[in-house]
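Chains as they are written, first to last, in the numbering used here: chain W, 333 to 572; chain F, 189 to 474; chain L, 118 to 343. Each residue gets a CB set at the ideal place from its N, CA and C atoms; glycine is no exception. As the structure is a computational prediction, the values presented were derived from the model and not from experiment.
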Amino acid sequence: MTLLGQAPVPRDIGVFEWLLDPNSWTGPDGILVSLANTVILCAVVVVVAIVTMVPLASWLAHTRRGEVSVSWTVTLSRAIPTFAVAGLLVPISLRSGWGFEPWPIFIALLLLALPPIFLNTYTAIQQVDPGVVDASRAMGYSETSVLVRVELALATSVMLAGVRVAAVTVVATEPIRAFLGGDGLGRYVRDGLGQNNDALVIAGAMLIAGLAGLTALSFRLIERFALPDGVRRLATTTTR
Amino acid sequence: MALTVVLTACGDDSGSTADGPTIRLRGQDFSEAVTIAEVYGQYLQAKGYDVEILTPAGYRTEAIDGLRNDELDLIVDYIGGSLTALAPDAATSSDPDEVVAIIGPAYEEIGATLLDYSPAVDGDAFVVRGDSPASTISDVAELGYVFGASAQCFERPQCYLGYTDPAIYGIAFADTVTIEFGPLLGEALAANEVDAVVWNTTAPQIIEQGFKVLEDDQGLHPAQNIAPIISSNVLAEYGDQLSDDLNELSAAISTDDLLAWNTETDIAKRESDDVATEWLEAEGLN
Amino acid sequence: MIPLFGQAPNPIVRWEYFIDEWDQIQRALIEHLELTVYAVTLGLVVSAGLSAIALRFRRTAAPINGVTAFLYTIPSVALFGILVPYFGLSRLSAVLPLAAYTLLILVTNIVAGFNSVSPEVREAADGMGMTPARRILHVELPLAMPYIVAGLRIAVVSTVGLVTVAAIIGQGGLGRLILDGLRRAFWTPMTIGAALSILLALALDGLILGAGKWLTPWAQRGRSAL
Numbered sequence: 333m334t335l336l337g338q339a340p341v342p343r344d345i346g347v348f349e350w351l352l353d354p355n356s357w358t359g360p361d362g363i364l365v366s367l368a369n370t371v372i373l374c375a376v377v378v379v380v381a382i383v384t385m386v387p388l389a390s391w392l393a394h395t396r397r398g399e400v401s402v403s404w405t406v407t408l409s410r411a412i413p414t415f416a417v418a419g420l421l422v423p424i425s426l427r428s429g430w431g432f433e434p435w436p437i438f439i440a441l442l443l444l445a446l447p448p449i450f451l452n453t454y455t456a457i458q459q460v461d462p463g464v465v466d467a468s469r470a471m472g473y474s475e476t477s478v479l480v481r482v483e484l485a486l487a488t489s490v491m492l493a494g495v496r497v498a499a500v501t502v503v504a505t506e507p508i509r510a511f512l513g514g515d516g517l518g519r520y521v522r523d524g525l526g527q528n529n530d531a532l533v534i535a536g537a538m539l540i541a542g543l544a545g546l547t548a549l550s551f552r553l554i555e556r557f558a559l560p561d562g563v564r565r566l567a568t569t570t571t572r
Numbered sequence: 189m190a191l192t193v194v195l196t197a198c199g200d201d202s203g204s205t206a207d208g209p210t211i212r213l214r215g216q217d218f219s220e221a222v223t224i225a226e227v228y229g230q231y232l233q234a235k236g237y238d239v240e241i242l243t244p245a246g247y248r249t250e251a252i253d254g255l256r257n258d259e260l261d262l263i264v265d266y267i268g269g270s271l272t273a274l275a276p277d278a279a280t281s282s283d284p285d286e287v288v289a290i291i292g293p294a295y296e297e298i299g300a301t302l303l304d305y306s307p308a309v310d311g312d313a314f315v316v317r318g319d320s321p322a323s324t325i326s327d328v329a330e331l332g333y334v335f336g337a338s339a340q341c342f343e344r345p346q347c348y349l350g351y352t353d354p355a356i357y358g359i360a361f362a363d364t365v366t367i368e369f370g371p372l373l374g375e376a377l378a379a380n381e382v383d384a385v386v387w388n389t390t391a392p393q394i395i396e397q398g399f400k401v402l403e404d405d406q407g408l409h410p411a412q413n414i415a416p417i418i419s420s421n422v423l424a425e426y427g428d429q430l431s432d433d434l435n436e437l438s439a440a441i442s443t444d445d446l447l448a449w450n451t452e453t454d455i456a457k458r459e460s461d462d463v464a465t466e467w468l469e470a471e472g473l474n
Numbered sequence: 118m119i120p121l122f123g124q125a126p127n128p129i130v131r132w133e134y135f136i137d138e139w140d141q142i143q144r145a146l147i148e149h150l151e152l153t154v155y156a157v158t159l160g161l162v163v164s165a166g167l168s169a170i171a172l173r174f175r176r177t178a179a180p181i182n183g184v185t186a187f188l189y190t191i192p193s194v195a196l197f198g199i200l201v202p203y204f205g206l207s208r209l210s211a212v213l214p215l216a217a218y219t220l221l222i223l224v225t226n227i228v229a230g231f232n233s234v235s236p237e238v239r240e241a242a243d244g245m246g247m248t249p250a251r252r253i254l255h256v257e258l259p260l261a262m263p264y265i266v267a268g269l270r271i272a273v274v275s276t277v278g279l280v281t282v283a284a285i286i287g288q289g290g291l292g293r294l295i296l297d298g299l300r301r302a303f304w305t306p307m308t309i310g311a312a313l314s315i316l317l318a319l320a321l322d323g324l325i326l327g328a329g330k331w332l333t334p335w336a337q338r339g340r341s342a343l
């Protein structure tokens, strides 16, 4: 939201010149505000995805249901063109009096975040050694206890990998919000494309890639430290 | 295959059979420009020219680059927009002849010839809802409106910068929103998300939704007649016949025609090529 | 003057559009398929090369992963936009970024696939007198297939989705329909474009899955790799 007095970015500015200028970071159009907007939306999306998918996927896996649906759900959701979904939702949102944000972009991003978390949680619980599960039942754990204290604990690293993939995908896709009446980090790419300002496009792209990279790194660190002793699961191919 | 070639060669016996290179034409990627490209393209095809109407893509920058890089031979642009693109530091004017005096030579420099401009105009429109108390843009100064426009408006002196410049309109907007150019502007205006948008004068939704175009009392908006620009090499191959034909078409298009075309494509949801064919038939031009 | 239409029906799908514009829709579908195939093929070739390097020189694995991951996070709109001034509104401007986005998943999966081959199997192959080339081609590659197929499926489906974005530089196939719909507030092409791209993705996914099963019949007995 540009307010009176904030000058547009000059076209001949250099990429690093703009990035290193403190004025680019401060103010309501600045990078810090845009960053905050992006992070908040992405965080909410991922949290909602976790809160909805982890219980559902764990229960389905624990009770050995829903095997076939898993693969198809993942493929289907990855095939949905996010921009089209969000674009279709915007006029509906406007006409219903809900404004440009947050619903269209929130729903579109949520669709992206649900599958990796669902799939990894499901697979992780499913892969837990049945011997361990039986042993804990034999030791007198209730079903809920088995699920929570045994299966989930062992499945953590794979689940965290799923959350990581979801978070990175959401952060990398969130820029389309700027093309649908919103702002966030995508605004610099949008403004640069509209104003023929290549430096702004490149700088904007770098900011987004940087945030996505930071997100990936942070989650990898969390994964490394959240492992139960001596258990390491391979989580490469299930989702990306 | 050979039969088809022979048939095509014998087929054009209405009007002149022009011999020369293929004219590659590409419209900018919004419905009005697509229709304009179809009108010019089909018109020339009916006259016997070998025209290739390429898939609409890109905007002014890509169109001008296409001419410069010899990927396109014919484009149709809005003269005020050409001015901003080719001579960003030159003073704009609401007088088309002044604008043409600058962009004509600018196009020559990139190997293209600017032909006569049409009376048809699609310029910038400062649009508000029908119930707004304002009737000129100056009236908006103290209303504390929320302003919506596309990204490029915010860095143009003839747009946002001019509206907020104390020496010109000096409007104090309460807030601004960047909205992709197109019907979303109307949706946002109708939904009260914004109070004023910058649209184009021939957007059919303006009339359809009862919006108001405010008068540009300070003369900020530049002249935006449409005009064809042809590759100088291609023009040389065809000679005066081509420029005469194009000028004849340009003279026949009016602003009302642009509005009618847009109403067909954006309100009635018809396709640009059909709209173009119908119009040319109605005008006896194909 | 063209007579104006009074009311404009704008349902989710207007079937006359589907029939009238079938040529255009068909062309868009074919263009979409072509772009997907070019991009994934290019991506596969480059990924094969990168994977070979990563597998042969272990220390390059992490940097290669970093580069492909970095490419993946560049917003597609930006990447298409940046290439246009250099390559114009051409297929190249679309195919290069699309191929770049497949590198991460393909390299990750090809490397994982070959890494899944246990050292005992390699030793056995060497013990039987196989040259490294034969071993890689006839032993390791088939064993790595499930991973490669999984990666290909994901790459193809993602690419189909991303091709729609390439519409902004005029190369979008079905994305052109979606974009046209967005620009004119016309739901029909948007819905058709989105629905067809989903169907195309599912069809290609099924095709590759089938091809994978046909190529690796032994992997079907036992737990399947997704």
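- Message: What would DSSP say about F:Ala-275, mapped onto helix, strand or coil?
- Response: Note: F:Ala-275 maps to coil in three-state DSSP.
- Item | Cα-Cα separation between L:Pro-202 and F:Glu-259, rounded to whole angstroms | 13 Å
- Query: Taking 7 Å as the cut-off, does the CB of L:Leu-326 come closer than this to any heavy atom belonging to the ligand FAD?
  - Reply: For the structure depicted, the ligand FAD is absent and the ligand set is empty, with no information on it obtainable.
- Task: Would you list the residues sitting across from F:Leu-262 in a DSSP beta bridge?
- Result: F:Leu-213 and F:Ile-418
- chain F beta carbons: is any one of them nearer than 8 Å to that of W:Leu-373? no
- Message: Under 8 Å, with one C-beta from each stretch per pair, do the region 152-171 of chain L and the region 296-307 of chain L reach the 3-pair mark?
- Response: no
- Task: Please confirm if F:Asn-257 has its CB atom under 8 Å from at least one CB of chain L.
- Result: yes
- Just how far apart, CA to CA, sit L:Ala-261 and L:Leu-188? 25 Å
- Check whether W:Leu-388 and F:Glu-381 have beta carbons under 8 Å apart: no
- Task: Give the secondary structure of F:Val-382 by DSSP, where H, G and I count as helix, E and B as strand, and everything else as coil.
- Result: coil
- For F:Leu-408, the first and last residue of its enclosing alpha helix (DSSP H): That residue, F:Leu-408, is in no alpha helix (DSSP H); it is neither H nor E in DSSP.
- Task: Give the range of the alpha helix (DSSP H) segment to which W:Ala-548 is assigned.
- Result: Counting along the chain, the alpha helix (DSSP H) containing W:Ala-548 begins and ends at 530-558.
- With respect to the alpha helix (DSSP H) encompassing F:Leu-242, which residues constitute its N-terminal and C-terminal limits? F:Leu-242 -> not in any alpha helix (DSSP H); beta strand (DSSP E) instead, spanning 239-242.
- Query: Quick one: Cα of F:Glu-466 to Cα of F:Ala-448, how far?
  - Reply: 12 Å
- Message: If the criterion is Cβ atoms closer than 8 Å, does the pair F:Ala-279 and F:Asn-413 meet it?
- Response: no
- Going by CA-CA distance only, name the one from L:Leu-299, L:Gly-290 and L:Ser-314 that's closest to L:Arg-208. L:Gly-290
- Message: Within 8 Å of any Cβ in chain F, is that where the Cβ of W:Gln-459 sits?
- Response: no
- Task: Specify the secondary structure class of F:Asn-474 as computed by DSSP and reduced to three states.
- Result: coil
- Distance, W:Asn-452 Cα to W:Thr-488 Cα: 10 Å
- Message: Please confirm whether L:Glu-240 has its beta-carbon closer than 8 Å to some beta-carbon of chain F.
- Response: no
- Message: Against W:Val-533, what residues of chain L qualify as contacts under a CB-to-CB distance less than 7 Å, listed in chain order?
- Response: Ala-195, Gly-198 and Ile-199
- Message: Using a 10 Å radius around the Cβ and a threshold of 16 neighbouring Cβ atoms, would you call F:Cys-198 buried or exposed?
- Response: Here F:Cys-198 scores only 43 on pLDDT, less than 50, and its place in the model is too uncertain to base an answer on.
- Task: Pull up the distance between the alpha-carbon of L:Arg-270 and that of W:Cys-374, whole angstroms please.
- Result: Roughly 26 Å between the two C-alpha positions.
- Item | Same chain, Cβ closer than 7 Å to F:Pro-284, neighbours up to 5 away in sequence not counted | Ile-267, Tyr-305, Ala-411 and Asn-413
- Query: According to the neighbour-count rule (16 or more other Cβ atoms, all chains shown, within 10 Å of its Cβ), is W:Met-471 buried or exposed?
  - Reply: exposed
- Item | Cα-Cα separation between F:Ile-455 and F:Asp-217, rounded to whole angstroms | Each residue's Cα considered, the two are about 17 Å apart.
- Item | CB of F:Tyr-231 within 8 Å of CB of F:Asn-474, strictly | yes
- Query: Can we say the region 189-201 of chain L touches the region 498-516 of chain W, given the rule of at least three CB pairs closer than 8 Å?
  - Reply: yes
- N-terminal and C-terminal residue of the beta strand (DSSP E) that F:Thr-364 is part of: Note, F:Thr-364: beta strand (DSSP E), 363-366.
- Query: Exposed or buried, which one is W:Arg-397 when buried takes at least 16 other CB atoms within 10 Å?
  - Reply: Residue environment analysis places W:Arg-397 among the exposed positions, since fewer than 16 neighbouring C-beta atoms fall within 10 angstroms of its C-beta.
- Which first and last residues belong to the beta strand (DSSP E) in which F:Thr-301 is found? 300-302
- Let me know the secondary structure DSSP gives W:Ala-416 once reduced to three states. helix
- Query: Which residues, in order along the region 366-384 of chain F, keep a beta-carbon less than 9 Å from a beta-carbon of chain W?
  - Reply: Thr-366, Ile-367, Glu-368, Phe-369, Pro-371, Leu-372, Glu-375, Ala-376, Ala-378, Ala-379, Asn-380 and Glu-381
- Query: Thinking just about the alpha-carbon of each residue, which of L:Tyr-218, L:Thr-219 and L:Ile-199 is nearest to the one in L:Ser-210?
  - Reply: The residue with the shortest Cα to Cα distance from L:Ser-210 is L:Ile-199.
- W:Leu-388 at chain F interface by Cβ criterion, 8 Å: no
- Message: Using 8 Å for Cβ pairs, my map puts L:Ser-314 next to L:Thr-281. What's the rounded Cβ distance?
- Response: 6 Å
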